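*Asks:* If you read the sequences in order, they're chains A, B, F, S and G. As numbered in this note's numbering, the first sequence has no gaps in its residue numbers, which increase by one up to the final residue, 314. As numbered in this note's numbering, the second sequence has no gaps in its residue numbers, which increase by one up to the final residue, 228. As numbered in this note's numbering, the third sequence has no gaps in its residue numbers, which increase by one up to the final residue, 101. As numbered in this note's numbering, the fourth sequence has no gaps in its residue numbers, which increase by one up to the final residue, 688. As numbered in this note's numbering, the fifth sequence has no gaps in its residue numbers, which increase by one up to the final residue, 197. Even for Gly, the Cβ is constructed at its ideal location relative to N, Cα and C. Since the structure is predicted, the reported quantities are computational estimates derived from the model, not experimental observations. Below is the structure I would like to discuss, written out as structure tokens.
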Amino acid sequence: MDWLAHTFDGLLGLALLWLAWQAMHAPGLFRSVVSYMVFGLVMALIWVRLEAPDIALAEAAIGAGATGALLLSALARLKDGSDAGRLHWRHPAELVFWLPFAAVTALVLGLTAWQLPAPGLGVDVARTLGQSGVDNPVTAVLLNFRSFDTLLEIGVLLVGVVAIWSLGPAPSPIVPKMPSPALPALGRALFPVFVLAATYLLWRGSHAPGGAFQAGAVMGAGGILMVLAGARPWLTGEEQGPWRWLLSLGLVAMLAVAVAMAALAGTFFAYPPALAAPLILALEISAALSIALLMFAVYLCGRPPDHWEAED
Amino acid sequence: MFYAILACALFVLGLHGLFASTHMLRKLLSLNVLTSAVFLLLVTVADLTDPVDPVPHAIVLTGLVVTVSTTAVALALLIRLSPGGSDTARGRPEGDQ
Amino acid sequence: MTVVGVIGAALVVAGVPFFLFGTLGLLRLPDTYSRLHALAKGDNVGLGLVCLGLGLQSGSVLVTLKLLMIWVLMLIASATGAGLIARTALARGVKPHGL
Amino acid sequence: MNELFLILAVVLLLNTTVGLVRILSGPHPADRMLAAEMFSTSAVVIMLLLAFATDRPPLVDVALVFALLSALAVVTFVSRAWSALKPTTDTDDHDGGNR
Amino acid sequence: MVAPTHGLDQPANTPGAVIQRAGLNGWLRSQKRGSGLALRLAFYALIWLLLTRGDPGSWLWGLPAIAVAALFNPFEPSHRWRLSPAGLLRFSWLFLQLSVQGALDTAWRTLNPRQRLTPALVDYVWRLPPNGGRIFLANIINLMPGTLCVRITDDAMTMHTIGDSRLAVANVSRLESVIAGMLQQQVDADE
């Protein structure tokens, strides 16, 4: 039993280091990007080994899905896709710096990790879980105990989208000429599964691994797939009206709840235990919608056009 | 313990890549590797205690999403900085298809 | 250990060699097209056997069907993916080996 | 039984790690992509095996998400990267397909 | 209220256009055509049931999700076929048979690629009508023994075969007939 787990860990670690090395040092940017995509898959397996299925779900959707799509698309738009910038060992003497540096860093990191308070917060969270309104400790931490972090985090995503939109209109064509008639068929077959799976993850979030982040990431990645398969975004009325509202829905809802709670109880995000469950539910739904759309908006690399015409 | 060492090795690898590579895309990949190393360390520490500490898990979860948005912003900037990229941004058809 | 459980375990064990052959094909075959052949066929039968075997092991109909749903999703993805890569490769002028 | 599944998971992981050599050797972008695809199929299987060996049903959902999103990488690759990767831009021996 | 849950729209008929022309009801009606809304709803309900492993409390979430999945698919439904249950069974059986055969066949060739690999490109003329399962056939043959679809045109597809190409064509032809039976399409009997 034990040696099996150790072999498994060892193989994962080796693959991880090798892929990381490839991602940074391989000749050819394409090879780097593919290595990094596989790196994401290995990370998801490692999260499973470390008893973190919540993170594994998110990593499966983000690391293996959305980030890969982002990087590959960007690679296609970078015209100098040669091996420019390949990392060279200019002097063997660099090792004289890097080896001691590596040793010291490892030592400092290890010491820091060692000195962290031993029991952690696991006991506290388990003790107060009953008052939080949900049964999944990670969701409880995200949307109740430390919802301030989540608020800021959604804010960061929104700022990211604003930054990307302010760079100008999205590079055209947003979607290249459709290479195959099989793509719409694929999109048609997968769309319902994406909707159902994302809703399922959202539903599960209150009592088992899953929740707004995972659901949003799956739906966002699904949106990217749909657009690549030839669908045109639905929310493309004039001036992207509904886009903006939905993008900020998550942040607005969290702020509204926070301010309301501040008025009621005197503290940001201090939910009365009776209201906790429905409030977390509402926050989860709005956060999932926003995250899905934010992930999708981020993929466009610019402000979406007012009208989505079929490119040719 | 093994994963803590792995995280440290990954951290050093990522840091080296971040400083030593010259192409921006590679720097970005190194940055992502670096974040993964930090997440790995956090979760490894969380796994040491008996009821697994959910707080680092939640932090890593938000961190993952923030990393995607950072990557996306950096890539959008990168596309506009690259010599041919500005053409695509202005609407010139890409590729030769 | 019930009979169904034993059959399930046997199916899981039977599924794994297909992955080994898939990797062997990926490494040994001479061109992109034949590698696509090896991967698309081998991996999906392997995954199907593992899913079915694990489902039988669990002894629950719903779990078995859920695993089979994962298999069908993978089938859709890999059949379409293999076709997309093959068609794009030919359109971009990648010549098949031996022709 | 659980040991058996764990052994199979380790075998599969070893198998995929060996298969990753295709990322290194190419020669075509499509071949590297194939190696990534192979890894995602195997990751689904490993995840399922772990789910049943350690009795953690949430892992089945992780496998489901993997299966759902495995199409995304290929579709992005086909519709975007392939069109931009002219034979000369990837540094490897670009006529590998017509050896 | 334009359901904002997924943010996507259909390709040929731009979403906005449809809604402006026919209103939201028209768009919804266009989605109801095709393989039977009831059948689709039932199928999605089955998927939901499997996902949640039959948790009764989940249907409060499931029903809206099923409705969204069925009504707001951004791709136009293909509405030229009906599913025949007997045909579906026959297809599934042939599919399973051929995929196992295909996996064993490729494994055998992989063991000695130098002698057992005889690649060829074969044109296969469609017998299925356009819009009636051609794409399905083209995708499915990638999983069948020794065939890989490398080009699709209006009247034929090109297959890459490893091994006996006549056998491969015979298999594809058989599969085409079964698919036609499943989708209740007309194909020429002979060939």
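(1) Determine the contact status of L29(F) and V610(S), defining contact as a CB-CB distance below 9 Å.
(2) Compute the Euclidean distance between the alpha carbons of A28(A) and L67(F), then round it to the nearest angstrom.
(3) Please name the residue, chosen from T175(B), P187(B) and V143(B), that lies closest to V162(B) on a Cα-to-Cα basis.
(4) Look up Y273(A) in the DSSP assignment and say whether it is helix, strand or coil.
(5) Is the distance from the Cβ of H166(G) to the Cβ of L149(G) below 9 Å?
(6) Roughly how many angstroms lie between the CA atoms of L285(A) and L144(A), to the nearest whole one?
(7) What does DSSP give as the partner residues of P55(A) in its beta bridges?
(8) Name, please, each residue of chain F whose Cβ falls closer than 8 Å to the Cβ of V195(A).
(9) Is any beta-carbon of chain G found at less than 9 Å from that of R89(F)?
(10) Based on Cα-Cα distance, which residue from W116(A), L296(A) and P173(A) lies nearest to W245(A)?
(11) Just the chain B side, please: which residues come within less than 7 Å of D56(A) by C-beta, in chain order?
(12) Using a cut-off of 7 Å between C-beta atoms, extract the partners of F10(A) located in chain S.
(13) Work out the CA separation of F655(S) and G67(A) for me, nearest whole Å.
(14) Using the beta-carbon of each residue, which ones in chain A are nearer than 9 Å to G85(F)?
(15) Between the Cα of V664(S) and the Cα atoms of A219(A), A108(A), A264(A) and S182(A), which residue gives the shortest distance?
(16) To the nearest angstrom, report how far apart A138(B) and L179(B) are at their CA atoms.
(17) So, does the segment 5 to 18 of chain F touch the segment 71 to 85 of chain F, judging by three or more C-beta pairs under 8 Å?
(18) Mapping the DSSP letters down to three states, classify D137(A) as helix, strand or coil.
(19) Quick check: the Cα distance between V127(A) and E96(A), rounded to an integer number of angstroms?
(20) Does V667(S) have its Cβ less than 9 Å from a Cβ in chain A?
(21) DSSP on M263(A), reduced to helix/strand/coil?
(22) Mind checking the segment 161 to 174 of chain B against chain A and listing, in chain order, the residues whose C-beta falls within less than 8 Å of any C-beta there?
(23) Pull up the distance between the alpha-carbon of R46(G) and that of N118(G), whole angstroms please.
(24) Let's test the definition: count the other Cβ atoms within 10 Å of the Cβ of V667(S) and tell me whether it reaches 16, buried, or not, exposed.
(25) Taking Cβ positions only, does V178(G) come closer than 9 Å to chain F?
(26) Measure the beta-carbon distance from A58(A) to V50(A) and round it to whole angstroms, keeping in mind my assumption that it falls under 8 Å.
(27) Does M228(A) come out as helix, strand or coil in the three-state DSSP assignment?
(28) In the DSSP output, which residue or residues are listed as bridge partners for M163(G)?
(29) Would I635(S) and A624(S) be called neighbours here (beta carbons separated by less than 9 Å)?
(30) Could you give the distance in angstroms between the alpha-carbon of D33(F) and the alpha-carbon of H99(F)?
(31) Starting from F666(S), follow the alpha helix (DSSP H) in both directions and report where the run begins and ends.
(32) Here's a check: name, in chain order, each residue in its chain whose Cβ is nearer than 6 Å to the Cβ of A42(F), leaving out the five neighbours to either side.
(33) If we ignore side chains and look at the alpha-carbon of each, how far apart do G93(G) and F49(G) end up?
(34) Nearest by alpha-carbon distance to L658(S): which of S292(A), A62(A) and P194(A) is it?
(35) Going by the DSSP bridge assignment, what does I168(G) pair with across the sheet?
(36) How far does the alpha helix (DSSP H) with M155(B) in it extend, from its first residue to its last?
*Replies:* To lay it out plainly:
(1) Yes, the pair counts as a contact, with Cβ atoms nearer than the cut-off.
(2) 42 Å
(3) Rather than Val, the amino acid found at residue 162(B) in this sequence is Leu. When each option's Cα is compared against that of L162(B), the closest is V143(B).
(4) coil
(5) no
(6) Each residue's Cα considered, the two are about 11 Å apart.
(7) Looking at the DSSP assignment, P55(A) forms no beta bridge with any residue, so it has no partner.
(8) L75
(9) yes
(10) Among W116(A), L296(A) and P173(A), the Cα nearest to that of W245(A) belongs to L296(A).
(11) H188 and L192
(12) For a Cβ distance threshold of 7 Å, residue set A598, V599 and L602 of chain S lies close to F10(A), ordered along the chain.
(13) So the alpha carbons of these two residues sit roughly 8 Å apart.
(14) One finds S182 and A184 in chain A with Cβ atoms closer than 9 Å to the Cβ of G85(F), taken in chain order.
(15) With distances taken between Cα atoms, V664(S) lies closest to S182(A).
(16) 15 Å
(17) At 8 Å Cβ cutoff, the stretches do not touch.
(18) coil
(19) 47 Å
(20) yes
(21) helix
(22) Per Cβ criterion, the list reads S161, N163, V164, S167, F170, L171, L172 and V174.
(23) 46 Å
(24) buried
(25) no
(26) 5 Å
(27) If DSSP states are grouped into helix, strand and coil, M228(A) belongs with the helices.
(28) Y130(G) and I158(G)
(29) no
(30) 6 Å
(31) That residue, F666(S), is in no alpha helix (DSSP H); it is neither H nor E in DSSP.
(32) S80 and A84
(33) 17 Å
(34) Nearest C-alpha to L658(S): A62(A).
(35) P125(G)
(36) For M155(B), the enclosing alpha helix (DSSP H) covers residues M155 to L179.
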